[in-house]
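Residue numbers (our numbering): 20 to 585.
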C-alpha cells in the first residue's frame, strides 16, 4: 500500500504473472481492510451479548450433561436406534429362520454327496479328473503310435510310460481329494447349521434386553429434547440481538476498484527470448551429441570386422524402390535378370572371394545367417546361388527355415513337399529346377512340429551328404540366429557360414553375440556380407512386412516361373 501525496487516499498494488490474479488480490486486500473496520465497530456496539452469552453457556452445559447421560445409558445397554434396532433384530430373526431351513437341506445334500464321493460316477464329474483322463488317453495313443517305430526300451518310450504312471498316480490322488472334500463339506454344513441356531438364540436374547431397557432410554431421550429446546430459544434471541445492533456508517470506502492490467510491465520479453534461444541451441547440440554417442548401430566394414573377428567378404548395395532396375526384377533375382546391375557385380565379387577363401576353393555347403530378422539374408542367399549357377556350377538352394519359409514364393514353386518330408521320413525330398540354368531349389515343405529336433537329427546330415554328391554347391537359408537354435544346428552342419549384416540397422551387441553363438556351435564363420545403405529398406517376414515381401527380401519381389522338377 502506498499513500498518495497530501490526500487521504491509499494505492494498493500486487505483482503476479496472471493479470486477473493481480487485480483480484489487490481488490481483496482493499475489501478486507474495509471489513476489519466494520468488525471493530460491531464488537463495541453489542455489550448486551454478555448476559445472553452466560445463559447460553449454562443451557449448553445442561444439554451436554443430558446428552452424556443418554449416551452412557445407550452405550451400557448397547442401544443405538431403539425402533431401528427392534425392526432390524426382527428381520434378522426371520432371515436366520430361513437360513436354518436352507442349512438343514444343504447338510442332508452334503451327507449324501459324502457317501457317494468314493464312487466312479462322482469322480467322473470332476473337471480335473476328466482332464487327467483325457491326457492319459492322449499319452496312451501316442505310446501305441510310437511303439510302431521304437522298442519299449527306447528312452522316449520309457519317458511315455513314466508319464502314464504319473497320470495314474494323479488320478488316484484326485479321487482321494474329492472324497476328503465331500466329507469336509458335510462337516462344514453341520457346523453351519449349529452356528445358525446359536445366532438365532442370540438375536432372541437381544430382543428381550432391548424391550427391558427401552423405557429408561425413552425418559433420557425426552430430557435431552427439553434441554435442546431451551438452548435453541436462547440462541435465537442472541442472533436477533446481533442483527439489531448495526455497525453504523463506515468512514472507510473503496474509491476505485482494481482493474485487470492490459500489458505486463515485467519481465523483459526480448532479453528472455534471446536467452531462451541461446540455451535451446546449446541444449539441441548437446542432445544431438548424446544421441550420436548412444547410437550402437553398425555402419562401416571396420566395425563389423572388429565385432565379429571375421573379414568382410563383400559390400552389397541395398536395393529399394529408388534404384534403377528392370520392372520385373526383385532384389533376390536382380543378379539374374539384370547381370549389369551393381548388385549383380557385388555378388560376383562375393563369389570370387569365396573361391579364394579356402585352399580347396569355394565351400561346398554354405550357410547364410543373420543376427535378427529384416537383415536381407534370404535375398543374399538367392543372389549368391544365382551367381554360382551363372559361373557354370550346379547349385542347390535349400530353404532350411522350417518356421517361415519364403524361397518357394521367390521362385514361384510349389511347397507341398520338400525338406521337412525328408527329415520326417514321410517321403524323399524333391528338388525343383528354376528358370536359372544350373540352379535347383529344395523348398521347406509342410512345417514340422519340432523344427530344431528335425534339423539336429541324423537324417539332416545324411540328406546333405546325399545332395552334396549331386550338386557342386549347397546353400542353406535358415532363420536368424538370435532367439532360435535352428541356425546353430545348420551352422554346425555347413562347411562355412556367411553372416549377413545391414549397415545402419544391425546392433553391435546383437552382432557380437551372434558371432559368439556361432563359434560356440563349432561353426566355421568364414566371413560377413555388409549390406550398405541405399534408398530402400530390406525386410524379413517374422515381423510386420509389406504384402509383397517375403521373409527378409526388400520390396519389388518378382517370382520366377517353375521350369521342371528333378
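Where is the CB? At the ideal position from N, CA and C, for every residue including glycine.
Report the three-state DSSP secondary structure of residue 583 (helix, strand or coil).
-> Since pLDDT at residue 583 reaches only 40, below the 50 mark, its modelled position is unreliable, and no value is offered.
In whole angstroms, what is the alpha-carbon distance linking residue 239 and residue 80?
-> The straight-line gap from Cα to Cα measures roughly 16 Å.
Near residue 336, what residues of its chain come up, given a Cβ to Cβ distance below 7 Å and the 5 sequence neighbours on each side ignored?
-> 361, 362, 365, 551, 553
Report yes or no: do the segment 528-548 and the segment 387-407 share at least 3 C-beta pairs separated by less than 8 Å?
-> Touching, yes.
Which same chain residues, not among the five before or five after residue 504, have their C-beta less than 6 Å away from its C-beta?
-> In its chain, beyond the 5 residues on either side, 471 have a beta carbon closer than 6 Å to the beta carbon of residue 504.
Bounding residues of the beta strand (DSSP E) (the contiguous stretch that carries residue 333) | 331-336
Throw me the rounded Cβ distance for the residue 513 and residue 384 pair, which I believe falls under 8 Å.
-> Taking a contact as a CB-CB distance under 8 Å, the pair residue 513 and residue 384 counts as one, their CB atoms being some 5 Å apart.
Where do the ends of the beta strand (DSSP E) carrying residue 519 lie?
-> Note, residue 519: beta strand (DSSP E), 515-521.
Quick one: give me the first and last residue of the beta strand (DSSP E) that residue 271 is part of.
-> Premise fails: residue 271 is in no beta strand (DSSP E) and is neither H nor E.
For residue 396, is the classification buried or exposed, using 16 other Cβ atoms within 10 angstroms of its Cβ as the cut-off for buried?
-> buried
How about residue 377 and residue 418: do their beta carbons lie closer than 7 Å?
-> no
So what's residue 235 in DSSP terms, helix, strand or just coil?
-> Correct three-state label for residue 235: helix.
Take the Cβ of residue 244 as the centre, count every other Cβ of all protein chains shown within 10 Å, and call the residue buried at 16 or more, exposed below.
-> exposed
Is residue 530 closer than 7 Å to residue 509 when the C-beta atoms are compared?
-> no
Could you have a look at residue 411 and say whether DSSP puts it in helix, strand or coil?
-> Reduced to three states, the DSSP call for residue 411 is coil.
Using the DSSP secondary-structure output, state which residues sit across from residue 488 in a beta bridge.
-> Bridge partners of residue 488: none, in fact.
Might you give, ordered along the chain, the residues of its own chain that have their beta carbon closer than 8 Å to the beta carbon of residue 562, omitting 5 neighbours on each side?
-> Because the pLDDT of residue 562 is 35, which lies under 50, any placement of that residue in the model is unreliable, and the number read from its coordinates should be weighed accordingly. Counting only Cβ-Cβ distances below 8 Å, and skipping sequence neighbours, we find 392, 393.
Roughly how many angstroms separate the alpha carbons of residue 367 and residue 420, rounded to a whole number?
-> Going from the Cα of residue 367 to the Cα of residue 420 covers about 25 Å.
Hey, residue 276 and residue 46 are a contact pair by Cβ (cut 8 Å); roughly how many whole angstroms apart?
-> Rounded, the Cβ-Cβ distance is 6 Å, consistent with contact.
Give the range of the alpha helix (DSSP H) segment to which residue 528 is assigned.
-> 527-539 is the span of the alpha helix (DSSP H), which, as asked, contains residue 528.
Would you say residue 317 and residue 525 are within 7 Å of each other, going by their C-beta atoms?
-> yes
How would you call residue 597, buried or exposed, if buried means at least 16 neighbouring beta carbons within 10 angstroms?
-> Residue 597 lies beyond the stretch modelled for the chain, which goes from 20 to 585, so this question has no answer here.
Using beta-carbon positions only, say whether residue 460 and residue 453 come within less than 7 Å of one another.
-> yes
Roughly how many angstroms lie between the CA atoms of residue 423 and residue 191, to the nearest whole one?
-> Rounded to whole angstroms, the separation of the alpha carbons of residue 191 and residue 423 is 44 Å.
First through last residue of the alpha helix (DSSP H) which encompasses residue 166 | 146-166
Provide the residue span of the beta strand (DSSP E) that contains residue 547, from first to last.
-> 544-551
If we call anything under 7 Å between Cβ atoms a contact, is residue 451 one with residue 482?
-> no
DSSP on residue 21, reduced to helix/strand/coil?
-> strand
N- and C-terminal bounds of the beta strand (DSSP E) containing residue 388 = Start and end: 384-389.
Indicate the three-state DSSP secondary structure (helix, strand or coil) for residue 562 in the structure shown.
-> Note on residue 562: pLDDT 35, under 50, position unreliable in the model; the coordinate value appears next. In the structure shown, residue 562 sits in coil (DSSP, three-state: anything other than H, G, I, E or B).
Taking residue 42 as the reference, give the member of 411, 303, 282 with the closest Cα.
-> 282
At which residues does the alpha helix (DSSP H) containing residue 324 begin and terminate?
-> 320-327
Based on the DSSP output, what are the partners of residue 29 in its beta bridges?
-> 22
Out of 148, 218, 222, 225, state which residue places its alpha-carbon closest to the alpha-carbon of residue 187.
-> Ranking the options by Cα distance to residue 187, first place goes to 148.
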